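A short write-up of the structure that comes next.
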Amino acid sequence: MSSAGMRVACIQMNSGADREANLEQASLLLQQAASAGAELAVLPENFSLMGASLSDKRLLAEPQENSTVLAFLSEQAITHRMAIVGGSTLLTGGQDKLRNACPVFSADGRMRAIYDKIHLFDVDLDGESYHESESVVAGEHPCSVALGDFRFGLSICYDIRFPELYRHYADSGCDVVCVVAAFTEQTGHAHWQTLLRARAIENQCYLLASAQWGVHADGRRTWGHSMIIDPWGEVMALQEESTGVIMADLTSARLAHIRKILPSLQHRQISR
Numbered sequence: 001m002s003s004a005g006m007r008v009a010c011i012q013m014n015s016g017a018d019r020e021a022n023l024e025q026a027s028l029l030l031q032q033a034a035s036a037g038a039e040l041a042v043l044p045e046n047f048s049l050m051g052a053s054l055s056d057k058r059l060l061a062e063p064q065e066n067s068t069v070l071a072f073l074s075e076q077a078i079t080h081r082m083a084i085v086g087g088s089t090l091l092t093g094g095q096d097k098l099r100n101a102c103p104v105f106s107a108d109g110r111m112r113a114i115y116d117k118i119h120l121f122d123v124d125l126d127g128e129s130y131h132e133s134e135s136v137v138a139g140e141h142p143c144s145v146a147l148g149d150f151r152f153g154l155s156i157c158y159d160i161r162f163p164e165l166y167r168h169y170a171d172s173g174c175d176v177v178c179v180v181a182a183f184t185e186q187t188g189h190a191h192w193q194t195l196l197r198a199r200a201i202e203n204q205c206y207l208l209a210s211a212q213w214g215v216h217a218d219g220r221r222t223w224g225h226s227m228i229i230d231p232w233g234e235v236m237a238l239q240e241e242s243t244g245v246i247m248a249d250l251t252s253a254r255l256a257h258i259r260k261i262l263p264s265l266q267h268r269q270i271s272r
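Residue numbers (UniProt numbering): 1 to 272.
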């Protein structure tokens with residue numbers, strides 16, 4: 001696109017317990033996005049490993065400075081001359097726990113930012129139980145990065161339920177927020193689109209949501225429904241189920257227009 005705009009892609013995957021197979025699938029989908037003119041592509045949470053046992057996760061997790069997955073993402077960015085929000089990958093961390101980290105690479109292969117998931121998914125649903133904090137150490141800081149004409153805020157899955165994170169990004173000048181996810185089918189059916197559209201509307205930003213879908217190696221079902229949403233809350237592109245790539249063009253003009261006709265961010269009366 002011309003200046004003050006960017007063509008973006010959100011990638012939906014059904015990752016399994018075979019890391020090499022997942023990376024091969026991601027490579028094909030990134031190539032598809034680049035061939036369609038994407039300047040930036042967003043992968044889903046745990047794109048390189050999904051549904052494996054905790055012991056397998058610990059075995060495959062690597063230090064940030066020596067990560068096979070980060071090296072793969074850097075190579076892909078260079079190959080396709082395209083920025084990549086690398087979903088999330090498990091890295092070794094402190095306290096004998098792992099990091100659920102979302103890296104961002106510019107088109108020259110440089111890692112420009114890395115965000116560690118702040119809000120960990122510790123819930124007991126009807127028939128399902130998740131305790132992410134038992135194996136993952138929580139991040140402490142929001143993270144945003146400038147790419148092209150836009151500033152992008154980073155978030156992972158369960159973060160979407162905490163609006164203060166996204167208001168922080170709006171206050172920090174973000175135009176776009178990325179949500180990389182492996183939302184459960186149960187909660188996704190009830191809340192996914194509502195939460196995504198609310199975060200876009202209340203912060204008057206574009207929202208790029210890339211998700212896992214389907215049944216995974218451990219029997220877990222994820223909701224899919226990756227989507228790109230504009231600052232008015234309109235869904236610009238949607239991948240309900242199946243693996244695939246969705247595309248949209250972001251423009252600074254659309255952002256400016258919405259913020260001008262309904263300047264709600266300027267009307268705030270309660271702030272921290």
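C-beta atoms are modelled at their ideal positions from N, C-alpha and C, and glycine is treated no differently.
All figures in this text were calculated on a predicted structure; none of them were measured in a lab.
For Phe183, the secondary structure class from DSSP, reduced to helix, strand or coil, is coil. If you look at Pro103, you'll find it isn't in any alpha helix (DSSP H); it sits in the beta strand (DSSP E) that goes 98 to 105. Minimum Cα-Cα distance from Ile229 among the listed residues His216, Tyr206, Ser242, Gln239 corresponds to Tyr206.
With fewer than 16 neighbouring CB atoms inside 10 Å of its own CB, Gly219 falls in the exposed class.
Listed in chain order, the alpha helix (DSSP H) elements of length 4 or more contained wholly in the stretch 179 to 241 are 185 to 203.
Rounded to the nearest angstrom, the gap between the Cα atoms of Thr243 and Met13 is 5 Å. Apart from sequence neighbours up to five positions away, the residues of its chain that approach His216 with a beta-carbon distance below 6 Å are Met50, Gly51, ordered along the chain. In the DSSP annotation of this structure, the continuous segment of the beta strand (DSSP E) that includes Thr92 starts and ends at 89 to 92. In the displayed model, Ile84 falls within a strand according to three-state DSSP.
In this structure Leu43 touches Ile11 by the C-beta definition: roughly 5 Å separates them, less than 8 Å.
The secondary-structure analysis by DSSP pairs Gln12 across a beta bridge with Gly244. Annotation: Thr68 to Ala21 spans about 14 Å, alpha carbon to alpha carbon. Under the three-state reduction of DSSP output, Val69 falls in the helix class. When beta bridges are read from the DSSP output, Asp249 appears opposite Arg7. Nearest in C-alpha terms to Ser106, of all of Glu75, Ala237, Thr187, is Glu75.
For Met111, the beta-bridge partners assigned by DSSP are Phe105.
Bounds of the beta strand (DSSP E) holding Ala146 are 144 to 147. Boundaries of the alpha helix (DSSP H) around His168: 163 to 171. Residue state for Asp126 is assigned as coil, using DSSP reduced to three classes. A direct Cα-to-Cα measurement between Glu234 and Gln193 gives close to 11 Å.
Within the DSSP secondary-structure output, Gly153 pairs in a beta bridge with Ser144, Val177. In the DSSP assignment, Leu40 forms a beta bridge with Val8, Ala83. For Asp159, the secondary structure class from DSSP, reduced to helix, strand or coil, is helix. Taking the CA atoms as reference points, Arg254 sits about 30 Å from Leu73. Short of 6 Å from the beta carbon of Ala4, and not among the five residues preceding or following it, lie these beta carbons of its own chain, in chain order: Asp149, Ser252.
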